[in-house]
Structure formats: structure tokens, C-alpha cells
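Using mature numbering (1 follows the signal peptide of the UniProt record, and there is no 0), the letters of the sequence shown map in sequence onto residues -22 to -1, 1 to 117. C-beta atoms are modelled at their ideal positions from N, C-alpha and C, and glycine is treated no differently. Here's the structure we're looking at; comments come further down.
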Amino acid sequence: MTTYKKTSYILLALLASPVLSAENLKTITSAGIQYEFVDNTQYLNKSINVSGVYAGQKVINRSLGIEGEVTRNIIIKTSAMKNLSFHEKNMEKIHIVNGYWMLKFPSDTDLMKKLEWINEQDDIIKAEIEIMNNMNQPR
């Protein structure tokens, strides 16, 4: 089995796991690029002793030299073209184009928990946490 397939299966298992934390999560994939978390300690929610994936966390793809940061958005592809069948009070929905939506959450939201919740909803084809990277920025 190729390393790529092994990594894909590992990521799939991680994303499907109901008990996930940023301490245990080593990689995240966004727009087809796999990133490693750089340092999660400052994003841990120490008041309730729970960790997660939050906006502002730094990520890197060392082999491609791409650095990024977790945004507060989750991009979804769904079979719902005009209206989503789900909503949450702190979620802003932005319709991009047929079947593609951007869901914005407050900065203090654990995006991995939201991703799990979104993947449980009807009509979801694909969902992933958005990473803003330095690919289109001058160095």
C-alpha cells in the first residue's frame, strides 16, 4: 500500500473518530494539501481541559514549503443547491455556487467538532476545514 493511501486511510479514521483533539490530531487536509500542525499548545481550551482545532492554528506542509493558518470556515459540497437543511445559531452560511457553501463560525469554535456534526447532516457530499496558505502570496 502506498504512503499516500495509508495517509488517506489514517486521515479518514481521524475525521470519523468521535473523540478527537488537536493534541492527538497531527495532520489536516484542505484543498488536497496535507498539513501538519505546528504548535497547538496556545489553542488548547485550558478552562475546560479540552483541546480542538481552532481558527488561527498554524500548519505547514514541509515537503512543499507551504505554511498556512486554520480559518474559521468550513467549505462544504452538498446536493442542496439553494438551501441547506441544517442551521446552527452561531453559523453564518454563504452560498458560493451550486452545491458549494462556506460556513463561518466564531473564532473560539472547535472546528473539528463542527466538521463531525456537518458530516452527519443530510445531503453532505464533502466537507473540510479551510486553510489559508502562502501559495499565492509573495515571499
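| task | Give a yes or no on whether the C-beta atoms belonging to residue 125 and Gly43 are separated by under 8 Å. | result | Look at the range of the chain in this structure, -22 to 117, and you will see that residue 125 is not part of it.
| message | Could you check whether Val48 and Leu89 sit closer than 8 Å to each other, using their CB atoms as the reference points? | response | Position 111 of the sequence shown holds residue 89. Position 70 of the sequence shown holds residue 48. Their beta carbons are under 8 Å apart, which means Leu89 touches Val48 by this criterion.
| query | In whole angstroms, what separates the C-alpha of Ser25 from that of Glu98? | reply | Numbered from its first residue, the sequence shown carries residue 25 at position 47. Numbered from its first residue, the sequence shown carries residue 98 at position 120. Model confidence at Ser25 stands at a pLDDT of 44, short of 50, so the residue's coordinates are unreliable; what they give is reported in the following sentence. Whole-angstrom Cα-Cα distance: 28 Å.
| query | How about Ser41 and Asp101: are their beta carbons less than 8 Å apart? | reply | The residue given as residue 41 occupies position 63 in the sequence shown. The residue given as residue 101 occupies position 123 in the sequence shown. Cβ atoms of Ser41 and Asp101: not closer than 8 Å.
| task | Give the DSSP-derived three-state secondary structure of Lys60 in the structure shown. | result | For the purposes of this step, residue 60 is taken as the residue at position 82 of the sequence shown. Looking at Lys60 - three-state DSSP - the assignment turns out to be coil, as it is neither helix nor strand.
| query | What does DSSP give as the partner residues of Gly46 in its beta bridges? | reply | Translated into the one-based positions of the sequence shown, residue 46 becomes position 68. Partner(s): Val37 and Asn111.
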